[in-house]
Amino acid sequence: MAVLVAVALARGRFPGKILLDGLVHLPLVLPPVVTGYLLLIAFGRRGILGPALESCCGLVFSFRWTGAALAAGIMGFPLMVRAIRLSIEAVDQRLEAAAETLGASRIGAFLAVTLPLSLPGVLAGAVLAFAKALGEFGATITFVSNIPGETRTLPAAIYTLTQTPGGDAAAGRLVLVAIALSLGALILSELLARRLSARIAG
Numbered sequence: 000m001a002v003l004v005a006v007a008l009a010r011g012r013f014p015g016k017i018l019l020d021g022l023v024h025l026p027l028v029l030p031p032v033v034t035g036y037l038l039l040i041a042f043g044r045r046g047i048l049g050p051a052l053e054s055c056c057g058l059v060f061s062f063r064w065t066g067a068a069l070a071a072g073i074m075g076f077p078l079m080v081r082a083i084r085l086s087i088e089a090v091d092q093r094l095e096a097a098a099e100t101l102g103a104s105r106i107g108a109f110l111a112v113t114l115p116l117s118l119p120g121v122l123a124g125a126v127l128a129f130a131k132a133l134g135e136f137g138a139t140i141t142f143v144s145n146i147p148g149e150t151r152t153l154p155a156a157i158y159t160l161t162q163t164p165g166g167d168a169a170a171g172r173l174v175l176v177a178i179a180l181s182l183g184a185l186i187l188s189e190l191l192a193r194r195l196s197a198r199i200a201g
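For the sequence shown, numbering that gives the first Met the number 0 gives the first residue as 0, with consecutive numbering after it.
What follows is the structure in structure tokens.
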């Protein structure tokens, strides 16, 4: 979905493009609690889409781990789209045009030329989205609460432990886990991006 939206914003010419861009980036500027409240209105058991999704697909988001995943995904989505969009815009469109003159369709040229050249941006966007999702607190706790074993995320667990007498040591351990996960993801993404760049250049 992030790639499709990024392509539409980078290459598309259609009415409402500015509005789409604003909607995609809205979670970045809205208070996270507002985003969580909007998710509750839309996907709660009595929300706009919640009952229909539960009856037709068996999907329940409010106060479930699925809702925590949805909230984290929505908060990280704008960062992923932006990174991919910038990467696509950096690719010379004449390369796609050359592929089309050699017989490739427009979609084929995009898949064969632009998308591989944009992979470092896709990877960077995925890492940014992961990091944002890992640290997401406001939207998650508003939408799915902080239920142990069901919706308690790493930030929520750290917050709970800091509010619990004698919980500082456990909170410190979780902080180290969060740092290790984030740093590991950044290092891995850098290594993969270098490898991809080397393959593209070669």
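Quick reminder that beta carbons are idealized off the backbone N, C-alpha and C, glycines included.
{"Item": "State the Cα-Cα distance for the pair Ile140 and Arg93, rounded to the nearest angstrom.", "Value": "47 Å"}
{"Item": "Is there contact here, the region 103-113 with the region 124-141, by at least three beta-carbon pairs under 8 Å?", "Value": "no"}
{"Item": "Could you check whether the Cβ of Val90 sits closer than 6 Å to any heavy atom belonging to the ligand MN?", "Value": "Inclusion of the ligand MN in the displayed structure is not the case, the ligand content being empty and no account of it being possible."}
{"Item": "Can you tell me the Cα-Cα spacing of Arg81 and Ala68, whole angstroms?", "Value": "20 Å"}
{"Item": "Rounded to whole angstroms, what is the Cα-Cα separation between Leu190 and Leu118?", "Value": "13 Å"}
{"Item": "Would you call Ile28 buried or exposed, if buried means 16 or more other Cβ atoms sit within 10 Å of its Cβ?", "Value": "At residue 28 the sequence reads Val, which differs from the Ile that was named. The residue in question, Val28, is exposed, as its Cβ has fewer than 16 Cβ neighbours within 10 Å."}
{"Item": "One question on the structure: do Ala9 and Arg63 come within less than 7 Å of each other, judged by their Cβ atoms?", "Value": "no"}
{"Item": "Short of 7 Å in beta carbon distance, which residues of its chain neighbour Ser181, apart from the five on each side in sequence? Order them along the chain.", "Value": "Ala130, Leu133"}
{"Item": "Please report the straight-line C-alpha distance between Tyr36 and Phe142, rounded to a whole angstrom.", "Value": "6 Å"}
{"Item": "Can you check whether the CB of Leu153 is closer than 7 Å to the CB of Ala177?", "Value": "yes"}
{"Item": "Going by DSSP in three states, Ile157 sits in which element: helix, strand or coil?", "Value": "helix"}
{"Item": "Considering Ser86, what are the terminal residues of the alpha helix (DSSP H) in which it resides?", "Value": "64-88"}
{"Item": "Just verifying my parser: in three-state terms, what is the DSSP assignment at Val59?", "Value": "coil"}
{"Item": "Please state if the CB of Leu175 and the CB of Gly166 are separated by a distance shorter than 7 Å.", "Value": "no"}
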